[in-house]
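Novice: Following this message is one structure expressed as structure tokens.
In the UniProt record's numbering, the protein residues as written are 1 to 376.
Structure follows, in structure tokens:
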């Protein structure tokens, strides 16, 4: 019963514990760590800055020329409903001298050119959802992994913060023997462990693709319409009138509403609204979208490698050869007995153990395999 309590305690880590604690035992690869450390910290930083900025500046401020009507009321109304901009031909904007998207009532009949903007209402929640999405695969993996590799490395790694056993002492020899026997005894039973990790890697890829799609839809398909090249070019040039991001993140937009006039008739009116935070938001979202493209590329390459490792004995052999300074015959002998999950355990051990210690463990594995063959 006591052991069950212990397992439940470590199988439910804090959602943000990977930021407050340093875990020197590596149970994932570099690309996996990019998601829940680097990318997570980027969004968390922006989320914090954005929320602090809201205390000082308005997301949206509208100027109302209607007699007796408050600018504050207009701003509140436009924030709660939406603002719009109109995409006209670039030459048409140059002729009129108007800021892109700011038009009069005569252009509203061209419905196909009207672009409504509502994302600013949900920006803090969008950032919060992104944070949760990014750390979910790591949280699931930590729950499932449950300190297995840390248990294997206890006393022989030195990375777990505990005492390191003397390589010439009996405790070290007993630990080495136990690891060799345990690994040989569990051959063929480690695939669920390894495939769960592969599933979490796939979940990372899905989260990146979802965020790319979500950012594109939230900004009116600006990114998919213009593509990577024009977006990067305009980000490097700090925007301008031809900046494609200005259509998704306008600095000036309009809002229409109606009120009753003195005679009781309904009078349509439009207010010009400024969105000053978009000056920074479009730069952040633009570069973050480019970064997500890069991250999607890394994830794709990583998944290709993972599929190759699952399907190819030669790929696994070459990968393990980088860690283990064993003879080719011993290494081949071990790998012929291992399925993908067993190989995955060995690579994690190689990441966390001193090369000499890892070779000792591998030699112990060879000895136990040969012993089992003799006993059979």
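Where a beta carbon is used, it is the ideal one built from N, C-alpha and C, also for glycine.
1) Could you pull the DSSP bridge partners for residue 255 from this structure?
2) Apply the 10 Å Cβ neighbour rule to residue 206 and answer buried if 16 or more other Cβ atoms are within range, or exposed otherwise.
3) Excluding the five sequence neighbours on either side, which residues of its own chain have a C-beta within less than 6 Å of the C-beta of residue 268, listed in chain order?
4) Give the DSSP-derived three-state secondary structure of residue 263 in the structure shown.
5) Can you give the Cα-Cα distance for residue 231 and residue 153, rounded to whole angstroms?
6) Mind checking which residues open and close the beta strand (DSSP E) that includes residue 117?
7) Roughly how many angstroms lie between the CA atoms of residue 211 and residue 256, to the nearest whole one?
8) Going straight from the alpha carbon of residue 344 to that of residue 189, what length do you get?
9) Which residues in the same chain as residue 369 place their Cβ atom closer than 8 Å to its Cβ, once the five residues preceding and following it in sequence are excluded?
10) Roughly how many whole angstroms lie between the Cα atoms of residue 349 and residue 44?
11) Compare the Cα-Cα distances from residue 237 to each of 355, 286 and 362 and report the closest residue.
12) Between residue 172 and the rest of its own chain, which residues show a CB-CB distance below 8 Å, the 5 nearest in sequence each way excluded?
13) In terms of residues, what are the limits of the beta strand (DSSP E) holding residue 84?
14) DSSP has residue 61 in a bridge; who is on the other side?
15) Just list the beta strand (DSSP E) runs in the region 158 to 220, keeping only unbroken ones of 3 residues or longer that don't cross its boundaries, in chain order.
16) With 16 other CB atoms within 10 Å as the buried threshold, where does residue 278 fall?
17) Quick check: residue 330 and residue 187, are their CB atoms within less than 9 Å of each other?
18) Contact check, residue 274 vs residue 61 under 8 Å by CB: the rounded distance?
19) For residue 39, which residues from the same chain have a beta carbon less than 6 Å from its beta carbon, with the 5 sequence-adjacent residues on both sides left out?
20) Is DSSP giving residue 145 helix, strand or coil here?
21) For residue 122, name the three-state secondary structure that DSSP assigns.
22) For residue 219, count neighbouring C-beta atoms within 10 Å of its own C-beta (all shown protein chains included) and say buried if the count is 16 or more, exposed if not.
23) In terms of residues, what are the limits of the alpha helix (DSSP H) holding residue 322?
24) When the distance is taken between beta carbons, is residue 223 closer than 9 Å to residue 248?
25) For residue 359, tell me which candidate among 291, 254, 263 and 180 has the shortest Cα-Cα distance.
26) Leaving out five residues on either side along the sequence, give the residues of the same chain with a beta carbon under 7 Å from the beta carbon of residue 339.
27) Determine, using beta carbons only, whether residue 78 and residue 271 come nearer to each other than 9 Å.
28) What's the C-alpha gap between residue 140 and residue 200?
29) With residue 124 and residue 36 assumed to form a contact (beta carbons below 8 Å), what rounded beta-carbon distance in angstroms separates them?
30) Have a look at residue 29 and residue 213 and give me their C-alpha separation to the nearest angstrom.
31) Here's the rule: buried if 16 or more other CB atoms are within 10 angstroms of the residue's CB, otherwise exposed. What is residue 281?
32) What is the residue span of the alpha helix (DSSP H) that residue 233 lies within?
33) Do you know how far the Cα of residue 81 is from the Cα of residue 2?
34) So for residue 330, helix, strand or coil by DSSP?
35) Express the C-alpha separation of residue 304 and residue 297 in angstroms, rounding to a whole number.
Specialist: With the structure as the only source:
1) 271
2) exposed
3) 258
4) coil
5) 47 Å
6) 114 to 117
7) 31 Å
8) 12 Å
9) 184, 333, 334 and 337
10) 32 Å
11) 286
12) 155, 156, 165 and 166
13) 83 to 86
14) 274
15) none
16) buried
17) no
18) 5 Å
19) 134
20) helix
21) coil
22) buried
23) Premise fails: residue 322 is in no alpha helix (DSSP H) and is neither H nor E.
24) yes
25) 180
26) 188 and 191
27) yes
28) 8 Å
29) So it is not a contact: roughly 21 Å between Cβ atoms.
30) 26 Å
31) buried
32) 228 to 236
33) In this predicted model, residue 2 has a pLDDT of only 38, less than 50, meaning its place in the structure is not dependable enough to derive any value.
34) helix
35) 11 Å
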